[in-house]
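These notes concern the structure reproduced below.
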C-alpha cells in the first residue's frame, strides 16, 4: 500500500504543464485579490484592546471613495473579531463625519484641529469604551514668606462674582505636572518666582467649566523673589497679606478661608503631601506619586 505522501507525489506528477500554469495563475489571482483587499480597506494601527485606529492624515481618502472603503473595512474588521474602531479626523477630512455617524459611529472627543469617533463592533461583549476626560485640574498656592507671615494674594480683573482676594494659580496645561503649573502660574500672574514645596489640601467639585468635574489643588510655595509685577490683563490687584488677616478677611470666599485654616494647621504640624517621581509600569513614562509625609521638612532642615 502506498503511503499518503507517495500517492500525492504520483498524482501531482501526472499534472500537465497546462494544469501547473492554471494552478500558478490561480495563486497569482488569489494574491492579487488579497492585495486589492488591502488597497480598498483602511489599515489603521492596532492596540492592546483589539481595537483599530484610523488617522485621516495617515490614510487620506477622497470623499467619493470613502463610503465603499469604510464598508469594506468594517466587514474585514468584523471577520478579524476587532472590538473598537476609532477614526481620528482632522479638519481637511471633516466631510467623513456624516458618513461615519450614518454607519454607527459616535463622537468620543474633540480638540481644536481634530475629532475622534468610535464604533463598538463586538456582538459578544457590552461596550466598555471609557468616556473622554471629564475632570479639570487646577492649582492655587500659598506663596508664603515665613519671616513676615505673609502670603501672596490677587484680585482677578475679570471675575464672574464680586471681586475677592484669591490665591494665584490656574489650570494645568496638557502634559504639565502640578508643581510646574504652580510655578508657571505664579510667575505669569504676579511676576514672583517661587519654589514648589508640597501640596496642602484640595477640593473636588462638579458642574464646573464645560460641565466637567474640577479638582483644585492647594500648594505650599516659597518665594525666591519679592517684587510684584502683576499681569495687567488678568490681575487688577496683587499684594502681600498677613496670613491671619487673609483667613478672616471679609473679601475672601469661605472656601479660601477654609484653605487658609488648613494651611495654618499645616504650618503648626509640619505634615504635607509631598511628591516623588516614579515610572509608569507599561509606558515607562515618568509619573508623580503624592503622599502625606514629614520627610520634606526633615530634608529641608538638613540643607
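Residue numbers (UniProt numbering): 1 to 303. Virtual Cβ for every residue (Gly too), placed ideally from N, Cα, C.
7 Å Cβ cutoff met for residue 199 and residue 219: In the chain shown, counting from the first residue as 1, residue 199 sits at position 199. In the chain shown, counting from the first residue as 1, residue 219 sits at position 219. In this structure, residue 219 lies closer than 7 Å to residue 199 by Cβ.
Top-ranked residue by Cα proximity to residue 257, from 56, 243, 270 and 269: Reading the chain shown from its first residue, position 257 is the one you call residue 257. It is 243 whose Cα lies nearest to the Cα of residue 257.
Limits of the unbroken beta strand (DSSP E) element including residue 202: Here residue 202 corresponds to residue number 202 of the chain shown, with the count starting at 1. Here the beta strand (DSSP E) through residue 202 covers 194-205.
Residue 51 Cβ short of 6 Å to the ligand GTP heavy atom set: Absent from the structure shown: the ligand GTP. Ligands present: none.
Of the residues 290, 271 and 253, the one placed nearest residue 162, counting alpha carbons only: Locating residue 162 in the chain shown gives position 162, counting from the first residue. Checked all of 290, 271 and 253; the closest Cα to residue 162 is 253.
Span of the alpha helix (DSSP H), counted from its first residue to its last, around residue 186: Your numbering for residue 186 matches position 186 in the chain shown. From DSSP, the alpha helix (DSSP H) with residue 186 extends over 178-190.
Residues of its chain near residue 99, where Cβ-Cβ distance is below 7 Å and the 5 sequence neighbours each way are ignored: Numbered from 1 along the chain shown, position 99 holds the residue referred to as residue 99. Within the same chain, residue 99 has close Cβ partners 66, 67 and 70.
Residue 320 versus residue 290: straight-line alpha-carbon distance, rounded: The question about residue 320 has no answer, for the chain in this structure spans 1 to 303.
Bridge partners - residue 96, DSSP secondary structure assignment: Translated into the one-based positions of the chain shown, residue 96 becomes position 96. In the DSSP output, where bridge partners are listed per residue, residue 96 has none listed.
Residues bridged to residue 142 [DSSP beta-bridge criterion]: For the purposes of this step, residue 142 is taken as residue 142 along the chain shown, with counting starting at 1. Paired residues: 220.
DSSP-derived helix/strand/coil call for residue 261: The count along the chain shown starts at 1 and reaches residue 261 at position 261. DSSP places residue 261 in helix when its eight states are reduced to three.
Contact belief for residue 87 with residue 107 at Cβ below 8 Å, rounded distance in angstroms: Residue mapping note: residue 87 aligns to position 87 of the chain shown, counting from 1. Residue mapping note: residue 107 aligns to position 107 of the chain shown, counting from 1. Not really, about 11 Å apart at Cβ, beyond 8 Å.
Extent of the continuous alpha helix (DSSP H) run through residue 67: Here residue 67 refers to the residue found at position 67 when the chain shown is read from its first residue. Here the alpha helix (DSSP H) through residue 67 covers 63-79.
Three-state secondary structure assigned by DSSP to residue 42: Translated into the one-based positions of the chain shown, residue 42 becomes position 42. Residue state, collapsed to three classes: coil.
Residues near residue 276 in its chain [Cβ-Cβ closer than 6 Å; skip 5 each side]: One-based indexing of the chain shown puts residue 276 at position 276. Same-chain partners within the cutoff: 289.
Three-state class that DSSP yields for residue 128 in the structure shown: Looking up residue 128 in the chain shown gives position 128. Note: residue 128 maps to coil in three-state DSSP.
Distance, residue 171 Cα to residue 213 Cα: Your numbering for residue 213 matches position 213 in the chain shown. Your numbering for residue 171 matches position 171 in the chain shown. Near 13 Å, if we compare the C-alpha coordinates of residue 171 and residue 213.
Helix, strand or coil at residue 158 according to DSSP, with G and I counted as helix: In the chain shown, counting from the first residue as 1, residue 158 sits at position 158. If DSSP states are grouped into helix, strand and coil, residue 158 belongs with coil.
Opening and closing residue of the alpha helix (DSSP H) in which residue 247 lies: For the purposes of this step, residue 247 is identified with residue 247 of the chain shown, where counting begins at 1. 243-248 is the extent of the alpha helix (DSSP H) around residue 247.
Collapsed DSSP secondary structure at residue 234 in the structure displayed: The residue you call residue 234 lines up with position 234 of the chain shown. Residue state, collapsed to three classes: coil.
Proximal residues to residue 64 (C-beta, below 7 Å), its chain only, five neighbours per side dropped: On the chain shown, residue 64 is found 64 positions in, with the first residue counted as 1. Cβ within range, chain order: n/a, list empty.
Residues bridged to residue 279 [DSSP beta-bridge criterion]: As a first step, residue 279 is located in the chain shown; it is residue number 279 there, counting from the start. 286.
Cβ pair residue 143, residue 194 closer than 7 Å: Indexing the chain shown from 1 puts residue 143 at position 143. Indexing the chain shown from 1 puts residue 194 at position 194. In this structure, residue 194 lies closer than 7 Å to residue 143 by Cβ.
Cβ-based burial, residue 58 [other Cβ within 10 Å; buried from 16]: Locating residue 58 in the chain shown gives position 58, counting from the first residue. Residue 58 is exposed by the Cβ-count criterion.
Assigned exposure category for residue 272 - 16 Cβ within 10 Å defines buried: One-based indexing of the chain shown puts residue 272 at position 272. Burial call: buried.
Sequence-distant residues of the same chain with beta carbon closer than 7 Å to residue 201, five excluded per side: The residue you call residue 201 lines up with position 201 of the chain shown. Result list for residue 201: 218, 259 and 262, in chain order.
Between the CA atoms of residue 44 and residue 73 - distance to the nearest angstrom: Here residue 73 refers to the residue found at position 73 when the chain shown is read from its first residue. Here residue 44 refers to the residue found at position 44 when the chain shown is read from its first residue. Each residue's alpha carbon lies about 10 Å from the other.
CA nearest to the CA of residue 96, picked from 55, 156, 239 and 248: Locating residue 96 in the chain shown gives position 96, counting from the first residue. For residue 96, the nearest C-alpha among the options comes from 55.
Nearest-angstrom Cβ-Cβ length linking residue 235 and residue 156, presumed shorter than 8 Å: Stepping through the chain shown from its first residue, residue 235 is reached at position 235. Stepping through the chain shown from its first residue, residue 156 is reached at position 156. 7 Å between Cβ atoms; contact.
Between the CA atoms of residue 110 and residue 294 - distance to the nearest angstrom: The sequence position of residue 294 within the chain shown is 294, counting from 1. The sequence position of residue 110 within the chain shown is 110, counting from 1. Looking at the two C-alpha atoms, the distance is approximately 42 Å.
Nearest-angstrom Cα separation, counted from residue 246 out to residue 266: Against the chain shown, residue 266 aligns to sequence position 266. Against the chain shown, residue 246 aligns to sequence position 246. Going by the C-alpha atoms only, they are around 16 Å apart.
Pair within 7 Å by beta-carbon distance, residue 148 and residue 168: Translated into positions along the chain shown, residue 148 becomes position 148. Translated into positions along the chain shown, residue 168 becomes position 168. No, the Cβ-Cβ distance between residue 148 and residue 168 is not below 7 Å.
Coil, strand or helix - residue 149 by DSSP: Stepping through the chain shown from its first residue, residue 149 is reached at position 149. Coil, per DSSP.
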